[in-house]
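*Asks:*
Numbering (the numbering used here), first residue to last: 4 to 191.
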């Protein structure tokens with residue numbers, strides 16, 4: 004005997020947050036982005052043209068997509084259609100990949116994302132969702148050029164990987180970790 008299965012049954016719209024675990028990353032991203040000062044986002048509003056999407060919405064969508072390892076504008080748009088957590092963040096809006104790409108290259112966006120990275124790490128640390136003891140990066144090398152002279156041997160990647168890891172760890176310890184610790188002390 005099988006359980007009843009019907010994809011044509013209409014259902015009432017339910018709140019999407021009910022389908023996500025209470026400690027899901029989207030809730031933390033939403034908190035961090037909503038705490039952002041409105042003055043930091045004034046540069047992203049335009050007086051003329053069609054009403055724009057709220058910068059908080061676009062920023063939250065970008066941060067969540069980046070946290071899932073998705074960086075392509077088209078894949079982020081696809082994520083808005085298929086991913087339940089992304090639908091929660093965007094209020095079930097599907098934003099064009101062109102809009103996403105224009106937003107992420109807007110002047111001032113790099114500095115804003117850098118500051119949000121620190122705030123997001125702080126929030127994740129405060130909620131004890133992460134510990135800042137280890138730093139990992141993905142060292143996958145994907146060949147994008149078909150030129151036969153563009154191949155990199157594994158030994159070369161391994162050789163420079165250790166140096167890159169050391170540089171990243173030093174940067175994190177000297178630049179980002181003090182800012183996070185300072186914010187933790189300030190909040191307590």
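Here a beta-carbon is modelled for each residue, glycine too, at the ideal position from N, C-alpha and C.
#1: Check residue 98 in the structure and name its three-state DSSP category.
#2: Which same chain residues, not among the five before or five after residue 34, have their C-beta less than 7 Å away from its C-beta?
#3: Would you list, in sequence order, the uninterrupted beta strand (DSSP E) runs of no fewer than 3 residues that lie entirely inside the region 26-99?
#4: Using CA atoms only, rank isn't needed, just tell me which of 18, 166, 121 is closest to residue 88.
#5: If I measure Cβ to Cβ from residue 27 and keep anything under 8 Å in the same chain, skipping five residues before and after, which residues do I get?
#6: Is the beta carbon of residue 109 sitting closer than 7 Å to the one on residue 92?
#7: Grouping DSSP H, G and I as helix and E and B as strand, with all else coil, what is residue 5?
#8: Secondary structure at residue 185, three-state DSSP: helix, strand or coil?
#9: Ignore the nearest five residues each way along the sequence and tell me which others in residue 77's own chain have a CB closer than 8 Å to its CB.
#10: Can you say whether residue 68 is buried or exposed, counting buried as having 16 or more other CB atoms within 10 angstroms of its CB?
#11: Just the C-alpha distance for residue 3 and residue 45, rounded to the nearest angstrom, thanks.
*Replies:* The short version:
#1: Reading the chain shown from its first residue, position 95 is the one you call residue 98. In the structure shown, residue 98 sits in coil (DSSP, three-state: anything other than H, G, I, E or B).
#2: Translated into the one-based positions of the chain shown, residue 34 becomes position 31. For residue 34, where only same-chain residues beyond five positions count, the Cβ hits under 7 Å are 126.
#3: As summarised for the region 26-99, there are no continuous beta strand (DSSP E) elements at least 3 residues long confined to that stretch.
#4: Taking the chain shown and counting its residues from 1, the one referred to as residue 88 is at position 85. Selected option, being the one with the closest Cα: 18.
#5: Locating residue 27 in the chain shown gives position 24, where the first residue counts as 1. Closer than 8 Å at Cβ, skipping near neighbours: 88.
#6: As a first step, residue 109 must be located in the chain shown, where it is residue number 106. As a first step, residue 92 must be located in the chain shown, where it is residue number 89. No, these two residues do not count as a Cβ contact at 7 Å.
#7: As a first step, residue 5 must be located in the chain shown, where it is residue number 2. Coil.
#8: Your numbering for residue 185 matches position 182 in the chain shown. Correct three-state label for residue 185: helix.
#9: Here residue 77 is taken as the residue at index 74 of the chain shown, counted from 1. Cβ within range, chain order: 100.
#10: In the chain shown, residue 68 corresponds to position 65, counting from 1. With 16 or more other Cβ atoms within 10 Å, it is buried.
#11: Residue 3 is absent from the structure shown; the chain starts at 4 and stops at 191.
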